[in-house]
Amino acid sequence: MKIASWNVNSLNVRLPQVLAWLQEHRPDVLALQETKLEDARFPVAVFEELGYCAVYSGQKTYNGVALLSRTPLTEVQIGIPQYTDEQRRVVAATLAGVRVVCLYVPNGQAVGSAKYHYKLEWLSHVRTWLEEELARHTRLAVVGDLNIAPEDRDVHDPRRWEGQVLVSGPERAAFQSLLDLGLQDALRLSPQSEGIFSWWNYGALAFRRNWGLRIDHVLLSGELARECRACWVDRQPRGNERPSDHAPVVAEFA
DNA sequence: ATGGTCGCTGTGCGA
Numbered sequence: 001m002k003i004a005s006w007n008v009n010s011l012n013v014r015l016p017q018v019l020a021w022l023q024e025h026r027p028d029v030l031a032l033q034e035t036k037l038e039d040a041r042f043p044v045a046v047f048e049e050l051g052y053c054a055v056y057s058g059q060k061t062y063n064g065v066a067l068l069s070r071t072p073l074t075e076v077q078i079g080i081p082q083y084t085d086e087q088r089r090v091v092a093a094t095l096a097g098v099r100v101v102c103l104y105v106p107n108g109q110a111v112g113s114a115k116y117h118y119k120l121e122w123l124s125h126v127r128t129w130l131e132e133e134l135a136r137h138t139r140l141a142v143v144g145d146l147n148i149a150p151e152d153r154d155v156h157d158p159r160r161w162e163g164q165v166l167v168s169g170p171e172r173a174a175f176q177s178l179l180d181l182g183l184q185d186a187l188r189l190s191p192q193s194e195g196i197f198s199w200w201n202y203g204a205l206a207f208r209r210n211w212g213l214r215i216d217h218v219l220l221s222g223e224l225a226r227e228c229r230a231c232w233v234d235r236q237p238r239g240n241e242r243p244s245d246h247a248p249v250v251a252e253f254a
């Protein structure tokens with residue numbers, strides 16, 4: 001079993017890259033964020049040709065999430081239950097006995113801004129919901145663009161970033177509160193080299209010099225964490241022509 | 001080095 005997540009920053013632009021990546025890596029499930037596509041425009045048929053079914057929740061211009069799976073998706077959940085949010089940022093489904101929650105956490109723009117407060121409120125609603133999801137599903141994976149670099153080692157230049165959005169204390173506390181539910185950061189389950197990031201600013205030098213942040217994550221329930229054999233960031237697509245600013249994160253299971 | 005770039009829109013905004 002292989003679970004992957006990728007913020008594609010427009011599925012319309014990135015579709016050829018996503019198709020190529022799916023064919024090369026054949027994950028059982030790929031979670032997408034920032035599809036920026038209304039549901040009527042989601043390219044279901046193209047994915048079906050590759051053997052993937054899809055569930056999606058999108059909107060024009062902003063946000064948009066999807067799950068692509070090689071096996072049928074059941075118990076589909078769009079959005080956070082009991083939290084009204086017009087922004088399309090959440091889709092969850094069950095496949096092959098695994099519950100997968102795909103999140104596109106708000107960016108937050110700047111510490112103290114209205115969008116920052118929305119981010120923290122949104123995360124607290126996610127936490128409440130995931131607590132219930134964990135009670136219902138012992139095999140749970142929470143994946144996506146969480147827009148939080150949880151530790152200084154997830155930041156290329158921690159001093160420069162100190163206190164900024166994506167690394168601020170309240171955001172990191174919100175991330176920790178998800179771990180406190182009993183979720184584990186898959187990438188940190190085994191020893192890692194330094195400088196593993198999943199996002200690099202657009203611009204000629206950022207990726208080449210590895211000026212990045214690790215803000216895309218795979219979080220696993222205890223049962224799935226025990227089955228996890230490896231977790232890595234695939235930097236290859238970030239070097240494509242017209243890349244997304246994010247790279248895929250992949251977790252492999254026994 | 002967090003926009004010096006993108007994507008989508010529409011002459012600006014969000015990331």
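Everything in the first sequence is counted per full-length UniProt numbering, starting at 1 for the first residue and increasing by one. Backbone N, C-alpha and C fix where the C-beta goes; we use that ideal spot for every residue, glycine too.
Ends of the alpha helix (DSSP H) at Q33? Counting from one through the first sequence, the residue named residue 33 turns up at place 33. Taken as a continuous stretch (DSSP letters only), Q33 belongs to no alpha helix (DSSP H), being part of the beta strand (DSSP E) at 29-33.
Please state whether the Cβ-Cβ distance between I78 and F253 is less than 9 Å. For the purposes of this step, residue 78 is taken as the residue at position 78 of the first sequence. For the purposes of this step, residue 253 is taken as the residue at position 253 of the first sequence. Contact: no.
Could you give the C-beta distance for Q184 and L219, rounded to a whole number, given that I count them as a contact under 8 Å? Position 184 of the first sequence, counted from the start, is the residue given in the question as residue 184. Position 219 of the first sequence, counted from the start, is the residue given in the question as residue 219. Indeed they touch by this definition, with Cβ atoms about 7 Å apart.
Short of 6 Å in beta carbon distance, which residues of its chain neighbour residue 256, apart from the five on each side in sequence? Order them along the chain. Lying outside 1 to 254, the shown extent of the chain, residue 256 is not represented and no answer is given.
Rounded to the nearest angstrom, what separates A110 and R226 at their Cα positions? Stepping through the first sequence from its first residue, residue 110 is reached at position 110. Stepping through the first sequence from its first residue, residue 226 is reached at position 226. Taking the straight line from one Cα to the other gives about 37 Å.
Q17, enclosing alpha helix (DSSP H) - first and last residue: Reading the first sequence from its first residue, position 17 is the one you call residue 17. Unbroken alpha helix (DSSP H) run through Q17: 11-25.
Should Q5 go down as buried or exposed, given a rule of 16 or more other Cβ atoms within 10 Å for buried? Taking the first residue of the first sequence as position 1, residue 5 is located at position 5. Looking at the sequence itself, residue 5 is Ser, so the reference to Gln does not match. S5 is buried by the Cβ-count criterion.
Mind checking who R99 pairs with in its DSSP beta bridge? As a working note, residue 99 is residue 99 in the first sequence. R99 pairs with T94, L140.
If you run the structure through DSSP and keep just helix, strand and coil, what is W122? Locating residue 122 in the first sequence gives position 122, counting from the first residue. Three-state result, W122: helix.
Whose C-alpha, out of Q192, D180, L178, F175, is nearest the C-alpha of R153? Sequence index remark: in the first sequence, residue 153 carries index 153 (1-based). In this structure, Q192 is the residue among Q192, D180, L178, F175 with its C-alpha nearest to the C-alpha of R153.
Status (buried if at least 16 other CB within 10 Å, exposed otherwise) for D28: Position 28 of the first sequence, counted from the start, is the residue given in the question as residue 28. It is buried - the Cβ of D28 has at least 16 other Cβ atoms within 10 Å.
Excluding the 5 residues flanking A230 on each side, which residues of the same chain have their C-beta closer than 6 Å to its C-beta? On the first sequence, residue 230 is found 230 positions in, with the first residue counted as 1. Excluding five sequence positions before and after A230, the CB atoms of its chain that fall closer than 6 Å to its own CB belong to E252, given in chain order.
Once you ignore the five residues that flank A186 on each side, which residues in its own chain have a CB closer than 6 Å to its CB? If you number the first sequence from 1, residue 186 lands on position 186. For A186, where only same-chain residues beyond five positions count, the Cβ hits under 6 Å are V218, L220, C228, C231, A251.
Need the endpoints of the beta strand (DSSP E) that A4 sits in, please. Within the first sequence, residue 4 is the residue found at index 4, counting from 1. 2-7 is the extent of the beta strand (DSSP E) around A4.
Check each candidate in L73, N12, Y118 and name the one with the smallest Cα separation from Y83. Mapped onto the first sequence, residue 83 falls at position 83. Per the Cα distances, Y118.
Using DSSP bridges, identify the partner residues of A251. As a working note, residue 251 is residue 251 in the first sequence. BP columns for A251 point to I3, C231.
Give the range of the beta strand (DSSP E) segment to which V55 is assigned. Taking the first residue of the first sequence as 1, we reach residue 55 at position 55. Segment 53-57, the beta strand (DSSP E) holding V55.
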